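Participant:
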Amino acid sequence: MPHATQHADVASADLDSALRGGPFHVALRAAIAARGLPLQRVQHHLSRHGVKVGVTSLSYWQQGARRPQRPESLRAVRALEEILELPEESLIRLLAESEAGASGQRSAARSYRSLVEASGALDQLLAELDCPPDGGLHTLGHHERLRIGARRELAERESHHIVRAHRDGVDRFVAVHHGDRGASPEHMRVHALENCRTGRVRWHRDTGMLAAELLFDTRLRAGDTFLFRYGVEDGTADEAREYVRGFDVPGGQYALQVCFDAAALPVRCHRFAQHSAAAPRNGCQELPLSGRHRSVHVVEPRVRAGFLGIGWDWE
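Just so you know, we're using numbering that gives the first Met the number 0 here: the sequence shown kicks off at 0 and counts up by one.
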């Protein structure tokens, strides 16, 4: 019995040290060990919190082989803090610090908190719109066109989607727009441009996020393809410096075009990719600005899970 007590004291001391200094995977491993829970039990507790995470993913997380980065994974980290009886935001904070060290980006330490806040806000908006996590559509092609205004702001975004239904009865798509710092989503406007009409619109002021129903005039059957186009008038935020699109799963073709006002031309533009929000950016390549149309673009014939974007520098 004294041996068991001594072991528990050592595990508790290891956990306290890991929570203070990190990194995230060491703290997670120490917390699981201190509670004496096998990963299957941890997974079971997560499912009772409404979060689905595989045992393999949990193993990778505590080994440091992967970091949680998708919204569902970040919700799991929140739940783990409760399940493992840890101080609130203790694991989230370490995750943010791990990301800052890995990516070397100026704003990296804010990214996880922003993602957690945004994922919570998105859950709220989707719930208000009665939207299930799986909208019943696979993306075959997606073309986005951004217009940067004379104040260097994201003035407008237009999206053209080509989708295929993978179940019967799909009759809408929920579009999400996340504004830049200082955005006022209540002043944004959503325009249904082709093969759809605007339904309910909801927004979350603190995160600058807007969600809007785009209603189809038909109910798709499994296997049906559909094309639709919509736009979001923004122009409410501070100057924009990049646009990033995240992909949860591999998909079809994606094209991103950024067009600049003649009064606000960047000095350089570049493409970048990230395997996850915690990973360093790679695949950076300078993009020449076309003289006549003042635009740059990237095209991915088949997107992979992760992030893809275009960044630019002002004088």
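We put the CB at the ideal spot given by N, CA and C, even for glycine.
Just so we're clear, the structure is a prediction, and the values are computed from it rather than from any experiment.
Mapping the DSSP letters down to three states, classify R109 as helix, strand or coil.
Facilitator: Counting from 1 along the sequence shown, the entry for residue 109 is found at position 110. At R109 the pLDDT is 37, less than 50, meaning the model places this residue with poor confidence; the figure from the coordinates comes in the next sentence. Of the three classes helix, strand and coil, the one that applies to R109 here is helix, per DSSP.
Participant: Run the CB neighbour count on G21, radius 10 Å, all protein chains shown included, and call it buried at 16 or more, exposed below.
Facilitator: One-based indexing of the sequence shown puts residue 21 at position 22. G21 should be labelled buried.
Participant: The beta strand (DSSP E) spanning L192 covers which residue range?
Facilitator: The count along the sequence shown starts at 1 and reaches residue 192 at position 193. Start and end: R188 to E193.
Participant: Taking only runs that begin and end inside the stretch 187–243, name each unbroken beta strand (DSSP E) of 3 or more residues, in chain order.
Facilitator: Inside the stretch 187–243, DSSP marks whole beta strand (DSSP E) runs of 3 or more residues at positions 188–193, 196–203, 208–219 and 224–232, from first to last along the chain.
Participant: What does the alpha-carbon distance come out to for the pair R156 and Q273?
Facilitator: Indexing the sequence shown from 1 puts residue 156 at position 157. Indexing the sequence shown from 1 puts residue 273 at position 274. When rounded, the distance between both Cα atoms is 22 angstroms.
Participant: Output the boundary residues of the beta strand (DSSP E) element that contains W60.
Facilitator: Sequence index remark: in the sequence shown, residue 60 carries index 61 (1-based). No beta strand (DSSP E) holds W60; the alpha helix (DSSP H) holding it covers V54 to Q62.
Participant: Could you check if A149 is buried or exposed, using at least 16 other CB atoms within 10 Å of its CB as the buried criterion?
Facilitator: For the purposes of this step, residue 149 is taken as the residue at position 150 of the sequence shown. Exposed, by the Cβ-count rule.
Participant: Are P265 and D312 closer than 8 angstroms when you measure CB to CB?
Facilitator: What you label residue 265 is simply residue 266 of the sequence shown in a count that begins at 1. What you label residue 312 is simply residue 313 of the sequence shown in a count that begins at 1. Yes. Within cutoff.
Participant: Helix, strand or coil: which one does DSSP assign to R166?
Facilitator: As a first step, residue 166 is located in the sequence shown; it is residue number 167 there, counting from the start. In this structure, R166 counts as coil in the three-state DSSP scheme.
Participant: Report the partner residues of H296 according to the DSSP bridge assignment.
Facilitator: Against the sequence shown, residue 296 aligns to sequence position 297. Beta-bridge pairing links H296 to Q256.
Participant: Does the separation of the CB atoms of H165 and A221 fall below 8 angstroms?
Facilitator: In the sequence shown, residue 165 corresponds to position 166, counting from 1. In the sequence shown, residue 221 corresponds to position 222, counting from 1. A contact, by the Cβ cut-off of 8 angstroms.
Participant: Assuming P70 contacts L121 (C-beta within less than 8 angstroms), just tell me the rounded distance between them.
Facilitator: Here residue 70 is taken as the residue at index 71 of the sequence shown, counted from 1. Here residue 121 is taken as the residue at index 122 of the sequence shown, counted from 1. Contact holds; Cβ gap of about 7 angstroms.
Participant: How long is the line joining the alpha carbons of L286 and H296, rounded to whole angstroms?
Facilitator: What you label residue 286 is simply residue 287 of the sequence shown in a count that begins at 1. What you label residue 296 is simply residue 297 of the sequence shown in a count that begins at 1. Each residue's alpha carbon lies about 8 angstroms from the other.
Participant: Taking DSSP as the reference, what is the three-state secondary structure of A174?
Facilitator: Walking along the sequence shown from the start, residue 174 turns up at place 175. It is a strand residue.
Participant: Using DSSP bridges, identify the partner residues of S46.
Facilitator: Mapped onto the sequence shown, residue 46 falls at position 47. Paired residue(s): none; S46 is not in a bridge.
Participant: Going by alpha carbons, who is nearest to V41 out of R301, E80 and R146?
Facilitator: Translated into the one-based positions of the sequence shown, residue 41 becomes position 42. Closest by alpha carbon: E80.
Participant: Once DSSP output is grouped into helix, strand and coil, what is the label at A149?
Facilitator: On the sequence shown, position 150 is the one that residue 149 refers to. Coil, per DSSP.
Participant: By the 10 Å Cβ neighbour count, where 16 or more other Cβ atoms means buried, how is D247 classified, buried or exposed?
Facilitator: Counting from one through the sequence shown, the residue named residue 247 turns up at place 248. The Cβ neighbour count for D247, taken over all protein chains shown within 10 Å, is under 16; the residue is labelled exposed.
Participant: Is the Cβ-Cβ distance between D233 and A154 less than 8 angstroms?
Facilitator: Walking along the sequence shown from the start, residue 233 turns up at place 234. Walking along the sequence shown from the start, residue 154 turns up at place 155. Yes, they are a contact pair.
Participant: Return the chain-ordered list of same chain residues with a C-beta closer than 6 angstroms to the C-beta of V25, the five sequence neighbours on each side being excluded.
Facilitator: Your numbering for residue 25 matches position 26 in the sequence shown. Hits under 6 angstroms: A17.
Participant: Which residues in the same chain as R291 place their Cβ atom closer than 6 angstroms to its Cβ, once the five residues preceding and following it in sequence are excluded?
Facilitator: Position 292 of the sequence shown, counting from 1, holds the residue named residue 291. Listed in chain order, the non-local C-beta contacts of R291 below 6 angstroms within the same chain number zero, local neighbours out to five positions each way being set aside.
Participant: According to the neighbour-count rule (16 or more other Cβ atoms, all chains shown, within 10 Å of its Cβ), is E314 buried or exposed?
Facilitator: The residue labelled residue 314 in the question sits at position 315 within the sequence shown. Looking at its Cβ environment, which holds fewer than 16 other Cβ atoms inside 10 Å, E314 is exposed.
Participant: By the three-class DSSP mapping on this structure, what secondary structure does Q284 have?
Facilitator: Stepping through the sequence shown from its first residue, residue 284 is reached at position 285. In the displayed model, Q284 falls within a strand according to three-state DSSP.
Participant: Sort out for me which residues DSSP pairs W311 with in a bridge.
Facilitator: Within the sequence shown, the letter at position 312 stands for residue 311. DSSP lists C268 as partners of W311.
Participant: From the DSSP output, in three-state form, read off Q39 for me.
Facilitator: Working through the sequence shown from its first residue, we reach residue 39 at position 40. Here Q39 sits in helix by DSSP.
Participant: Can you tell me the Cα-Cα spacing of V50 and R74, whole angstroms?
Facilitator: One-based indexing of the sequence shown puts residue 50 at position 51. One-based indexing of the sequence shown puts residue 74 at position 75. Whole-angstrom Cα-Cα distance: 7 angstroms.
Participant: Could you check what DSSP says for A154 in three-state terms: helix, strand or coil?
Facilitator: Stepping through the sequence shown from its first residue, residue 154 is reached at position 155. Reduced to three states, the DSSP call for A154 is strand.
Participant: Could you work out which residue in G310, H48 and H203 is closest to S294 when comparing CA atoms only?
Facilitator: In the sequence shown, counting from the first residue as 1, residue 294 sits at position 295. Measuring from the Cα of S294, the nearest candidate turns out to be G310.
Participant: Is it the case that the Cβ atoms of G198 and D237 are separated by a distance below 8 angstroms?
Facilitator: Taking the first residue of the sequence shown as position 1, residue 198 is located at position 199. Taking the first residue of the sequence shown as position 1, residue 237 is located at position 238. Not closer than 8 angstroms, so no.
Participant: Using alpha carbons as the reference points, say which of R77, G135, E88 and C195 lies closest to D216.
Facilitator: Walking along the sequence shown from the start, residue 216 turns up at place 217. Out of R77, G135, E88 and C195, C195 has the C-alpha closest to the C-alpha of D216.
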